[in-house]
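A.B. asks: Once you know that position 19 of the sequence shown is 21 in our numbering, the rest is easy, because the numbers rise by one and skip nothing.
All C-beta atoms, glycine included, are put in the ideal place defined by N, C-alpha and C.
Quick one: this structure, given as structure tokens, is what I'll be asking you about.
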Amino acid sequence: MTWKQKVTPNTNVLGYSGGCLAYVDDGVNPPQRQPTAQMSWQYAVDTKVAHSGQEPPTGVWVPVYYTIDNGPWAGYGHVAWFYSDGRTTVIYDSEYGCGNRRVPYSGGQDLFNYMGWQMSYLGWSEAVDGLRIVENVADNNSGNNPQPQKGEIKMYLIQIVDKTGKHKGKWYVSNGVECRYVRTPRMLDNYKDKFGKLNLRVDQMYSSELFTEFGGEKNIK
């Protein structure tokens, strides 16, 4: 079965610890936001887009869900963004969004080790809270190139071209509304198509132009 990306999530939205579903939802702006990750999973099951207990597909971003069986978040569940090219896996959740983690998880076990709770893998979903993230290519029999889904977030990279100063050589990623500093060389490689197959376009500008566009340096995380 071959899967095609319909909506690419923005993993650089801001988040807060404990707000895993808000982080995932904010990255794609779905129409049917649910109160908790566990309820989001149940919604995926009810709408027949959940793949219970199955490994996620490679080459596309998908939401992955987990139970939380003890601790303060028991019963709430957990959700994150997953991508793998078959060799390298990255998983992003609200711990990355809030800055507690500087790099994504390298797999499910890495996530479990970091969380420290009793957790189990529920599965992955073709959609999150009513928004389709991937589609089965075999189901698309129109013969036409699919149009981007309404609401799809188009991210792009920004390379600072200052000749001097503290911002010289820095990179940022933006969805046109928010802008975030690319923290590590590994993440830059991901955005530049070495891991995530994102193939983001690159805009070059001076830091003064960047800060003017986003309302000041204070608004860039």
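Is there contact between the segment 79-99 and the segment 55-65, where contact requires at least three CB pairs shorter than 8 angstroms?
C.D. replies: At 8 angstroms Cβ cutoff, the stretches touch.
A.B. asks: Measuring CB to CB, does G9 end up less than 7 angstroms from V81?
C.D. replies: Residue mapping note: residue 9 aligns to position 7 of the sequence shown, counting from 1. Residue mapping note: residue 81 aligns to position 79 of the sequence shown, counting from 1. Inspection of the sequence shows that residue 9 is occupied by Val rather than by Gly. Taking 7 angstroms as the Cβ cut-off, V9 and V81 do not qualify as a contacting pair.
A.B. asks: Taking Cβ to Cβ, would you say Q120 is nearer than 7 angstroms to G79?
C.D. replies: Against the sequence shown, residue 120 aligns to sequence position 118. Against the sequence shown, residue 79 aligns to sequence position 77. Their beta carbons are not under 7 angstroms apart, which means Q120 does not touch G79 by this criterion.
A.B. asks: Would you grab the beta carbon distance between A46 and A129 for me? Rounded to a whole angstrom, and I think it's under 8 angstroms.
C.D. replies: Residue numbering aside, residue 46 sits at position 44 when the sequence shown is read from its first letter. Residue numbering aside, residue 129 sits at position 127 when the sequence shown is read from its first letter. A46 to A129, Cβ: 7 angstroms. Contact.
A.B. asks: Return the Cβ separation of P106 and V92 in integer angstroms, given the expectation that the two are a contact with Cβ distance under 8 angstroms.
C.D. replies: Stepping through the sequence shown from its first residue, residue 106 is reached at position 104. Stepping through the sequence shown from its first residue, residue 92 is reached at position 90. Confirmed, about 4 angstroms.
A.B. asks: Would you grab the beta carbon distance between D164 and Y208 for me? Rounded to a whole angstrom, and I think it's under 8 angstroms.
C.D. replies: For the purposes of this step, residue 164 is taken as the residue at position 162 of the sequence shown. For the purposes of this step, residue 208 is taken as the residue at position 206 of the sequence shown. About 6 angstroms separates the two Cβ atoms, so the contact holds.
A.B. asks: For L133 versus V204, is the C-beta spacing smaller than 7 angstroms?
C.D. replies: Within the sequence shown, numbered from 1, the residue matching residue 133 stands at position 131. Within the sequence shown, numbered from 1, the residue matching residue 204 stands at position 202. Not closer than 7 angstroms, so no.
A.B. asks: Among the residues of its own chain, which have a CB less than 6 angstroms from the CB of P33, if the five just before and after it don't count?
C.D. replies: In the sequence shown, residue 33 corresponds to position 31, counting from 1. The answer, listed in chain order, is G132.
A.B. asks: Rounded to the nearest angstrom, how far is the Cβ of W5 from that of V139, given a contact under 8 angstroms?
C.D. replies: Counting from 1 along the sequence shown, the entry for residue 5 is found at position 3. Counting from 1 along the sequence shown, the entry for residue 139 is found at position 137. Contact holds; Cβ gap of about 7 angstroms.
A.B. asks: Please classify Y78: does DSSP put it in a helix, a strand, or coil?
C.D. replies: For the purposes of this step, residue 78 is taken as the residue at position 76 of the sequence shown. DSSP places Y78 in coil when its eight states are reduced to three.
A.B. asks: Would the beta-carbon of R182 fall within 7 angstroms of that of N14?
C.D. replies: Here the question's residue 182 lines up with position 180 in the sequence shown. Here the question's residue 14 lines up with position 12 in the sequence shown. A contact, by the Cβ cut-off of 7 angstroms.
A.B. asks: Could you check which residue in G167, K220, D95 has the C-alpha nearest to that of S108?
C.D. replies: The residue you call residue 108 lines up with position 106 of the sequence shown. Ranking G167, K220, D95 by Cα distance to S108 puts D95 first.
A.B. asks: Would you kindly work out how many angstroms separate the C-alpha atoms of T90 and R185, rounded to a whole number?
C.D. replies: Locating residue 90 in the sequence shown gives position 88, counting from the first residue. Locating residue 185 in the sequence shown gives position 183, counting from the first residue. Near 19 angstroms, if we compare the C-alpha coordinates of R185 and T90.
A.B. asks: Would S127 and V30 qualify as a contact pair, given that the criterion is a beta-carbon distance under 7 angstroms?
C.D. replies: Locating residue 127 in the sequence shown gives position 125, counting from the first residue. Locating residue 30 in the sequence shown gives position 28, counting from the first residue. Cβ distance not < 7 angstroms, so S127 and V30 don't count as in contact.
A.B. asks: Mind checking whether G17 and G110 have CB atoms under 7 angstroms apart?
C.D. replies: Numbered from 1 along the sequence shown, position 15 holds the residue referred to as residue 17. Numbered from 1 along the sequence shown, position 108 holds the residue referred to as residue 110. For G17 and G110, no; Cβs fall outside 7 angstroms.
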